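In what follows, a structure is listed as C-alpha cells, so that the remarks can point back to it.
In our numbering, the protein residues as written are 1 to 318.
This is how it looks when you write it as C-alpha cells:
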C-alpha cells in the first residue's frame with residue numbers, strides 16, 4: 001500500500017510562513033527583544049511560594065531581632081503622631097477663628113446682625129421689620145415663648161445637655177435625625193452667625209459660640225434677639241410682625257392664649273401657617289401641645305389657675 005503524502009506540510013506556502021517566522025525571531029534576538037512565554041501553573045506556584053517565604057523570613061527576623069522591629073515601629077508611629085498633631089493644631093486654629101468674638105462685641109453689634117439676618121431672609125424686600133424691646137412685649141408672651149421653646153432657658157448656660165442626650169437617644173432609636181435639641185440661645189447663634197447646618201463640626205462650633213455668647217450677654221438680651229429674629233410664618237419675622245399678622249395687635253397686647261398659638265408656629269412656621277392658620281384647624285396633637293404650654297405657665301406661676309381655665313377655651317377662628 002502506498003502512503004499518501006501530506007501536501008500541506010511540504011507546500012511552498014507553508015515553507016514561506018516558517019521562513020518568515022524564523023526570520024522574525026532572528027530579528028527580535030538581534031534587537032535584544034525577548035518574547036515572553038505564557039506562564040504555567042508551575043511558575044504561579046513558585047511565585048506564591050516565594051511570597052510566603054518572604055513573609056516567613058520577616059516573622060523570623062522579628063523574633064530574632066525584636067529590637068530593630070520595634071525601633072522602626074516606634075519611629076513610624078512617632079512620625080504619624082506628629083503629623084496628626086500638626087493637622088489638629090491647624091484645625092483648631094481654623095475652628096476657633098471661625099467663632100464670633102463675643103468678648104469684643106457690644107449688644108448693638110448683635111442687634112445689627114439680627115436685623116441683617118431678617119432683611120436677608122425676607123422675600124418681600126418692601127416689608128419694614130420693626131425691632132421691639134422686652135418692654136414692648138407682654139410678659140405673658142415672653143414666658144409663653146420660653147416655655148414652648150426652652151423651658152430651662154433661665155437656668156442653663158446656653159446648652160441644655162439633658163435635652164441633647166434625650167434627643168440623641170430618640171435619633172438613634174429612629175435611625176435618623178428627627179429631634180433637635182437647640183436652646184433659644186443656640187437658635188440665636190445659628191440664625192445670626194452659624195447657619196442651619198447639621199454637620200458635626202458646625203454643631204460643635206455652635207455649642208462653643210453659644211457658651212461664649214452666654215458669658216458676655218444677659219438672658220434678657222438674648223431673649224430680645226430671639227423674639228425679633230424668630231420666624232412665625234412666610235415673611236413673618238419677630239414678635240411684632242407675628243402679633244400684627246395673626247391677631248392685628250401689638251406685642252404688648254398679646255395674652256398667653258394668643259402667645260400659645262404663636263408658639264405652635266415656631267417648629268415649622270411656613271407649614272403650620274398653612275395647616276393651622278389658613279386652614280383654621282388645630283389638630284389634636286397641636287391642641288395637646290397648646291394645653292401643655294398653658295399648664296407649664298400655671299406651674300411656673302406666670303399665669304393664674306383662673307387664667308388657665310379661661311385660656312383653655314379660647315376661640316382663635318371667629
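Think of the CB as a built atom: it goes at the ideal place given N, C-alpha and C, for glycine as much as any other residue.
Please read these numbers as outputs of a predicted model, since none were measured by experiment.
* Asked: Going by the CB atoms, is the gap between residue 122 and residue 235 shorter than 9 Å?
  -> Along the chain shown, one-based indexing puts residue 235 at 235. Along the chain shown, one-based indexing puts residue 122 at 122. Going by C-beta atoms, residue 235 is nearer than 9 Å to residue 122.
* Return the chain-ordered list of same chain residues with a C-beta closer than 6 Å to the C-beta of residue 231, the five sequence neighbours on each side being excluded. => As a first step, residue 231 must be located in the chain shown, where it is residue number 231. Hits under 6 Å: 237, 269.
* Asked: Relative to the C-alpha of residue 213, which residue among 129, 107, 117 is closest?
  -> As a first step, residue 213 must be located in the chain shown, where it is residue number 213. Residue 213 has its Cα closest to that of 107, out of 129, 107, 117.
* To do: Using the Cα positions of residue 92 and residue 173, report the straight-line distance between them to the nearest angstrom.
  => On the chain shown, residue 92 is found 92 positions in, with the first residue counted as 1. On the chain shown, residue 173 is found 173 positions in, with the first residue counted as 1. Those two C-alpha atoms are separated by around 32 Å.
* With distances taken between CB atoms, is the gap from residue 228 to residue 146 smaller than 9 Å? -> Here residue 228 refers to the residue found at position 228 when the chain shown is read from its first residue. Here residue 146 refers to the residue found at position 146 when the chain shown is read from its first residue. Contact flag unset, no.
* Asked: Counting along the chain, where does the beta strand (DSSP E) carrying residue 206 start and finish?
  -> Locating residue 206 in the chain shown gives position 206, counting from the first residue. Segment 200–216 is the alpha helix (DSSP H) holding residue 206; no beta strand (DSSP E) there.
* **Among 132, 130, 219, 317, nearest to residue 281 - alpha-carbon criterion** => In the chain shown, the residue the question calls residue 281 occupies position 281. When only C-alpha atoms are compared, the closest one is 317.
* For the beta strand (DSSP E) containing residue 261, list its first residue and its last residue. => In the chain shown, residue 261 corresponds to position 261, counting from 1. Residue 261 -> not in any beta strand (DSSP E); alpha helix (DSSP H) instead, spanning 256–265.
* Assigned exposure category for residue 265 - 16 Cβ within 10 Å defines buried -> For the purposes of this step, residue 265 is identified with residue 265 of the chain shown, where counting begins at 1. Under this definition residue 265 is a buried residue.
* Asked: Cα separation between residue 143 and residue 297?
  -> For this step, residue 143 is matched to residue 143 along the chain shown. For this step, residue 297 is matched to residue 297 along the chain shown. Answer to the nearest angstrom: the Cα atoms are 7 Å apart.
* Contact check, residue 210 vs residue 186 under 8 Å by CB: the rounded distance? -> Taking the first residue of the chain shown as position 1, residue 210 is located at position 210. Taking the first residue of the chain shown as position 1, residue 186 is located at position 186. Rounded, the Cβ-Cβ distance is 5 Å, consistent with contact.
* In the DSSP assignment, what are the bridge partners of residue 145? -> Translated into the one-based positions of the chain shown, residue 145 becomes position 145. In DSSP, residue 145 forms no bridge with anything.
* Should residue 159 be labelled buried (16 or more other beta-carbon atoms within 10 Å of its own) or exposed? -> Against the chain shown, residue 159 aligns to sequence position 159. Buried.
* Residues near residue 34 by beta carbon distance below 6 Å, same chain, minus five either side -> Translated into positions along the chain shown, residue 34 becomes position 34. The predicted position of residue 34 is uncertain, since its pLDDT is 49 and thus under 50; a value taken from the coordinates is nonetheless stated next. Counting only Cβ-Cβ distances below 6 Å, and skipping sequence neighbours, we find nothing.
* **Check whether residue 134 and residue 192 have beta carbons under 9 Å apart** => Within the chain shown, numbered from 1, the residue matching residue 134 stands at position 134. Within the chain shown, numbered from 1, the residue matching residue 192 stands at position 192. Cβ atoms of residue 134 and residue 192: not closer than 9 Å.
* Give the DSSP bridge partners of residue 231, in chain order. => Stepping through the chain shown from its first residue, residue 231 is reached at position 231. Per DSSP, 237.
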